[in-house]
Amino acid sequence: MISSYAAGLLAEIGIASIAALSVHLILAVGQLSLGNAAFMACGAYTASVLSVEHAVPIPLAIAAGAVVSGVLGLIVGFPALRLRGIYLAMATLGFGEMTRSFFLSLDATGGAAGYSGMQRVSLIGIWAWALPLLVLVLIAERSRLWLALNAVRDDETAARLLGLNTVALKLGAFTAAAALAGIAGGLFAHWHIFIEPGAFSLDRSTEMVLAVVLGGSTVALGPFFGAAALALAPEALRFIADWRLAAFGALLIVILLLRPQGIIDKRLLRALKP
Amino acid sequence: MTFSRRSLLATPALLLARPAVSQARFAGLEVKLGAIVPSSGPFAEWGRTNTVALRMVEEQVNAAGGIGGAKLSIAIYDDAARPAQAANLVRKLADDDKVLAIAGPLTSSACEVAFPVANQAKLVACSQASSKPGTAAANRPWAFRNTIDEAVLMKTSLPWFKRSYSVDTIAIIYDAKDANSVALGSRIMPEMLKENGIRLLNEGSLATFNTGDIDVSAQITALKALNPSALVVAADYSQAVTVLREMRRQGFIKPIIGGTPLISSAILRAAPEIPVVSCATYYAGQTGEKVQRFTNALQPRLRATAGLPPTIEPSMYDAHMAEIVGMYTDAVLRGGLTLKPADLESDREKLRAHLEKLSGYEGLSGPIHFAATGDAVKVFFTVVGQNGSWTEKLRGCSTSGSLTC
Amino acid sequence: MLLQQLVNGLTLGAVYTLVALGFSLVMGVLGILNLAVAELFMLGGYVGLTLMLDGQPLLVGLGAAALFTGLLGVMVERVAYQPLRNAPPIAPLLSTLGFSVIFQTVATNVWGSDPLLLPPELMDERYRIGSISLGKPQLVVMATAVGLVTALALVMRHTRFGYGLRAIAENRDVARLLGVPAPLVTSGAFALSGAMAGVAGVLIGLHYGALTPFVGVEVGLKAIAVMVVGGTTSIWGVLLAGPLLGVLEVMTVAFGGAAFRDMTVYGLMILTLLLRPQGLLGRASGAQRV
């Protein structure tokens, strides 16, 4: 038996990993989103309302949250096609703030007071989502589809000339990413059994991006590793007390400087193989 | 509800740790408590003064021979006001540190997430500051708060406010991002104003702003145009400072009334000529033997602590923290706990049962009980902050059923 | 009341313009969103106001703040931008975020998380024009916004430094071939951007009479919106977009409610990105850069 403290951290790593995978998916087509917390919020609120008010079983409620989130992702994905790089990042940032603002003024889900009444999922319940999703992404990474996604990232014009449907690929990535964030949101809501708009702020979105960038964005193990590092860092840094957050910032800069490709990349994985 | 000053002063001021009962029956044992405070992030100041206050109590208790001979040790953790961290810290304190009970967390958001975990772990958690309506009540039986529901406080303050400042019309502004302020500003106050026959001028379009806003000029200009005789400001003090400053800038000098989160020394400096009416269960400058002893002991320690401003004063939440540790101590001495590691589970339950029926415990300003909601039944004061200091105007008690001060 | 609200909106707009300038300079030239600007703005405010509380005149406060945050700007550039110049733009974005976190913690630990308050007398000089009430700091903020934008536009157009910046903005390699000392000019851009953020911090702190370590985040996000709406490649754009968003925000609050405020401001930003990515005054080619 592990201690409930360790279990709590593991649960958070599981949820954060799924959230990070959603950013990983968008990055695969070379897009950067600073608004994925909005999809997480959408999944969290949908799943919670379904499980609390309509007695939908939790896994089903979470899946429904993922679908609603995915549809939102598709809708947002269309205009997002027009933007790239830092401009898309700023647009999604705005979208995230608007979504938070929306839930803040939505009285049906409690507004600022938040929403509760959910049943708690178990640690195993969380990893029953996280592990298969990781495996799924790992398998996808070896497929032709992923090569196509990366082709869009590397050179969109060339990809189009090769006959790839870049619009469909980008929209697909955005939709799937939103659905993944929705699952993370549903699990988050049913793990903390309380949600409020403040839980899905810009901080959450940047945390997701950080997990991917720190862990490494070239292979799916990277985001997992990054999410774990982000969940454990605040705990590991407790000994410096008041300077805890500053140390986190410094660590972030150092890692970016030493390994701009992230901690885990393909070369490291090859080197680790016996 | 309110009662005379004399009856309260007549109660003997007992020491926090009640050394009168201390025999050495727990010699060689240890009382391990946990505390969750936000020492980094936006509420860092509160968390840091909380830490100093806890260390002071710990030191005082141990210097006086401990709790029935047992050494008091408090494991203090920083949750950075993040709900997820607070929840995990409850798990850590429950499982790894094996504490008897937890003091904290501070913010209502953290309590909403941490209290269910405390319930699951069967471990008492008592917040020093959360006053969002119903947060402890939703997480019974293990959640407690050494605070009073804002609605109860307002019931005493508002009639006094109306009388003293001849308030017949009023307008409301609240922080729409903060759950506690939303409850007070949009639900509790409109209803209570009606009961008291005060006309609410911006009913249906209450003014709001968001935590972190630096500019509330538009709101204040609109409120000023309504020309109310007073203003309700439902926000915590660091946000209310922005509102007060803007009122002053626009020459809109009207008395304001708000909840306990207004109490701070910072708000006194924002616009000294505007009277700020609020309720407190402790304020720096409060008189009374026991409370002054607390203030006099804590203040120099706070001011000598690195990372805290040199003019800092003890906060209401420091007083609450000290009282929470005092209540836990009281439970250890009088609740039939054994302090044996093997009895940890039953000791935790005994501590909870003791708190639920807490009686004869003297806080800093009077006895403390807990209502069925998990919130404290204790003495409070309606105070006016003006020209740089708080003045006590009225004493009340958050009576609940047969429980009173 | 409408007139007073207009004045409120214009003042808020000037505040946004001042902070947006800091973002705009680095974004327009290097295509980098330097998130630390929001915190340099906050730190500048603290440094300036602390000196003024100590009895120093405003100009000393402004000068010290500009120097301090200008130097920090160079530090950010050397550590967080220069080594990551060829990495995808997300890397410097996140490394500047790292600095944001550090600066916030420093401010919390040095000045505390409670608001730093100026003595109320400092805010008392007020002018009345008809039904409108105007504070002296308010006028200073607006005048400085116009002044700084003009000065920066002149620098960009008429100095060697400005020529170098514009050359780098077009093409770094070509600029070097033309003899532009690229590293020096880049550092200069970060220094100038930091110094302007610092000046903005002092003036805004003076105007509101209060500062907290977290003031940068909220203002910073709005300033980014202003920069986008005005056009990232246009200095004059922020002078137009700042007051536009300021007035829009104030009017939404006054007549619609604060709940819709973020919707309007960020909605306008997203619409601009989609329909006119170069911004109100930007050149069309600039927006293609990613």
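From first to last, the protein sequence lines stand for chains A, B and C.
Under the numbering used here, think of the first position of the first sequence as 89, with each following residue one higher.
Under the numbering used here, think of the first position of the second sequence as 8, with each following residue one higher.
Under the numbering used here, think of the first position of the third sequence as 2, with each following residue one higher.
Ideal Cβ placement from N, Cα and C applies to all residues, glycine included.
Is the CB-CB distance between Ser164 (chain B) and Ser137 (chain B) below 8 Å?
no
Leu318 (chain A) and Ala287 (chain A) - do their beta-carbons sit closer together than 8 Å?
When the beta-carbon positions are compared, Ala287 (chain A) and Leu318 (chain A) stay at least 8 Å from each other.
Please list, in chain order, the chain C residues whose beta carbon lies closer than 8 Å to that of Glu100 (chain A).
Per Cβ cutoff of 8 Å: no residues; Glu100 (chain A) is ~20 Å from chain C at best.
Can you name the residues of chain B whose CB is closer than 9 Å to the CB of Tyr133 (chain A)?
Those within 9 Å of Tyr133 (chain A) in chain B number zero; the least Cβ separation is about 15 Å.
Taking Ser372 (chain B) as the reference, which of B:Ser396, B:Leu315, B:Asp354, B:Gly292 has the closest Cα?
B:Gly292
Interface residues of chain E facing Phe215 (chain C) [CB-CB closer than 7 Å]
Reference to chain E is not applicable here, since the protein chains of this structure are A, B and C.
Limits of the unbroken alpha helix (DSSP H) element including Gly392 (chain B):
It is not in any alpha helix (DSSP H) - Gly392 (chain B) instead sits in the beta strand (DSSP E) that spans 386-393.
Close Cβ partners of Val28 (chain B) (< 8 Å) along its chain, the five nearest in sequence each way excluded:
The pLDDT assigned to Val28 (chain B) is 49, lower than 50, so where the model puts this residue is not dependable; a value taken from the coordinates is nonetheless given after this. Within the same chain, Val28 (chain B) has close Cβ partners Gly75, Leu340, Arg341.
CB contact below 8 Å: Tyr175 (chain A) versus chain C
yes
Quick check on this structure: which residue in C:Ala168, C:Ser96, C:Leu153, C:Asp125 has the alpha carbon closest to the alpha carbon of Tyr209 (chain C)?
C:Asp125
Which same chain residues, not among the five before or five after Val156 (chain C), have their C-beta less than 6 Å away from its C-beta?
Gly163
When you compare the CB positions of Ala311 (chain B) and Leu238 (chain B), do they come within less than 8 Å of one another, or not?
no
Helix, strand or coil: how does DSSP classify Gly41 (chain B) here?
strand
Interface flag, Gly337 (chain A) vs chain C, CB-CB below 8 Å
yes
What residue from A:His280, A:Leu122, A:Ile352, A:Leu257 has the CA that sits closest to Ile214 (chain A)'s CA?
The shortest C-alpha separation from Ile214 (chain A) is found at A:His280.
Scan the stretch 278-351 of chain B and note each continuous beta strand (DSSP E) run of 3 residues or more that stays entirely inside, going in chain order.
283-287
C-alpha distance - Lys223 (chain C) paired with Leu249 (chain A), whole-angstrom precision
Distance from the CA atom of Lys223 (chain C) to the CA atom of Leu249 (chain A), rounded to whole angstroms, is 40 Å.
Given that Ala321 (chain A) touches chain B, what residues does it touch there, using C-beta distances under 8 Å?
Within 8 Å Cβ-Cβ: nothing; Ala321 (chain A) doesn't reach chain B, min ~12 Å.
Pick from A:Thr197, A:Ser210, A:Leu98 that is closest to Gln92 (chain B), judged by C-alpha positions
A:Leu98
Hey, Gly304 (chain A) and Gly337 (chain A): beta-carbon distance below 8 Å or not?
no
Assign Lys364 (chain B) to one of three DSSP states: helix, strand, or coil.
coil
Beta-carbon separation of Ala117 (chain B) and Leu40 (chain B) under 8 Å?
no
Compute the distance between the beta-carbons of Leu290 (chain A) and Leu221 (chain A), then report whether it is under 8 Å.
Not a contact, by the Cβ cut-off of 8 Å.
Three-state secondary structure assigned by DSSP to Thr138 (chain C):
Checking the sequence, you will find Pro at residue 138 (chain C) rather than Thr. Reduced to three states, the DSSP call for Pro138 (chain C) is helix.
Which of helix, strand or coil does DSSP assign to Asp86 (chain B)?
coil
Could you give the distance in angstroms between the alpha-carbon of Thr134 (chain A) and the alpha-carbon of Thr12 (chain C)?
Answer to the nearest angstrom: the Cα atoms are 41 Å apart.
Exposed unless 16 or more other CB atoms sit within 10 angstroms - verdict on Asp185 (chain B):
Asp185 (chain B) is buried by the Cβ-count criterion.
Is DSSP giving Ala236 (chain A) helix, strand or coil here?
helix
Around the Cβ of Gly96 (chain A), are there at least 16 other Cβ atoms within 10 angstroms (buried) or fewer (exposed)?
buried
Report back the beta-carbon spacing between Ala383 (chain B) and Ser405 (chain B) to the nearest angstrom; my notes put them in contact at under 8 Å.
7 Å
Using DSSP with H/G/I as helix, E/B as strand and the rest coil, what is His142 (chain A)?
Coil at His142 (chain A), not helix or strand.
Report yes or no: is there a C-beta of chain B within less than 8 Å of the C-beta of Glu284 (chain A)?
yes
Is the CB-CB distance between Ala273 (chain B) and Phe301 (chain B) below 8 Å?
No, Cβ-Cβ distance for Ala273 (chain B) and Phe301 (chain B) is not below 8 Å.
For Tyr78 (chain A), the nearest candidate out of A:Leu192, A:Leu302, A:Ile227 (CA to CA)
The structure shown has nothing for residue 78 (chain A), since chain A only spans 89 to 362.
Run through chain A and tell me which residues come within less than 7 Å of Pro184 (chain C), C-beta to C-beta.
Neighbours of Pro184 (chain C) on chain A: none; closest Cβ ~17 Å, over 7 Å.
Quick check: the Cα distance between Gly141 (chain B) and Ser193 (chain B), rounded to an integer number of angstroms?
16 Å
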